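Per numbering that gives the first Met the number 0: the sequence shown = residues 0 to 165.
The beta-carbon is built from N, C-alpha and C at its ideal position, and this holds for glycine as well.
Being a predicted model, the structure only gives us computed values, none of them experimental.
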Amino acid sequence: MMKKIFASLLVGFSCVTMALPALAHQASDKGHQDMPKEQKDWGIGGDAKAVTRTIEITMLDTMRFVPEQITVKHGETVRLTVKNVGKVMHELVIGTKQELDMHAEMMKKHPNMEHDEPYMAHVSPAKKAEIIWNFNRVGQFDFACLLPGHYEAGMVGKINVVAGVK
0 MMKKIFASLL VGFSCVTMAL PALAHQASDK GHQDMPKEQK DWGIGGDAKA VTRTIEITML
60 DTMRFVPEQI TVKHGETVRL TVKNVGKVMH ELVIGTKQEL DMHAEMMKKH PNMEHDEPYM
120 AHVSPAKKAE IIWNFNRVGQ FDFACLLPGH YEAGMVGKIN VVAGVK
């Protein structure tokens, strides 16, 4: 009897934990402003009032970002305006190489995940989105389109966060 109960609990727990990644990325009507800010290795969600500059990043159907590399100062809050000039969906996700690799694998299993984290933008063709991010950690970080096939085709970029403003 106890084995049956334990097995049922284990199956239920497995179903819930497998569904969590997809649920965590579903779009919210509230947007990023109402989300609690969570410190990541690559920074923290920024406040629009603290933005010091805007950087436009264009997404192409050739599976490239333009520019492919940006430099920001430590402590700087930047508005990344992400523009999809292509005919297919693209996204921009900021993270470490390791985080992006893990997320890309998850996207292969759940290709229709939508993103609503402050360091992610899911952008329809001919549309724009923005990420407001405070780069409060010095280092080199990555950004990528993690839609299946895009990451593998080289749709990646680098963010260099250099010592400067604190």
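Alpha-carbon to alpha-carbon, residue j and residue i
{"i": "Thr95", "j": "Ile158", "result": "10 angstroms"}
{"i": "Ala49", "j": "Ile56", "result": "20 angstroms"}
{"i": "Ala143", "j": "Glu116", "result": "14 angstroms"}
{"i": "Arg136", "j": "Asp40", "result": "7 angstroms"}
{"i": "Pro35", "j": "Leu59", "result": "31 angstroms"}
{"i": "His121", "j": "Asp100", "result": "17 angstroms"}
{"i": "Pro110", "j": "Val160", "result": "30 angstroms"}
{"i": "Gly45", "j": "Thr61", "result": "30 angstroms"}
{"i": "Phe140", "j": "Val87", "result": "25 angstroms"}
Assigned secondary structure, residue i (DSSP; H/G/I helix, E/B strand, else coil)
{"i": "His89", "result": "strand"}
{"i": "Gln38", "result": "coil"}
{"i": "Ala120", "result": "strand"}
{"i": "Ala103", "result": "helix"}
For residue i: DSSP bridge partner residues
{"i": "Lys108", "result": "Note: Lys108 sits in no beta bridge, so no partner."}
{"i": "Trp132", "result": "Gly44, Val77"}
{"i": "Glu55", "result": "Thr80"}
{"i": "Ala162", "result": "In DSSP, Ala162 forms no bridge with anything."}
{"i": "Ala143", "result": "Val92, Val155"}
Continuous beta strand (DSSP E) stretch holding residue i: start and end
{"i": "Val71", "result": "68 to 72"}
{"i": "Asp115", "result": "Where Asp115 is concerned, there is no enclosing beta strand (DSSP E), given that its DSSP letter is neither H nor E."}
{"i": "Asp60", "result": "Element bounds for Asp60: n/a, residue is neither H nor E."}
Within 8 angstroms, do at least three Cβ pairs link the stretch 122 to 137 to the stretch 79 to 90? yes
Taking three-plus beta-carbon pairs below 8 angstroms as touching, is the stretch 91 to 109 in contact with the stretch 70 to 77? no
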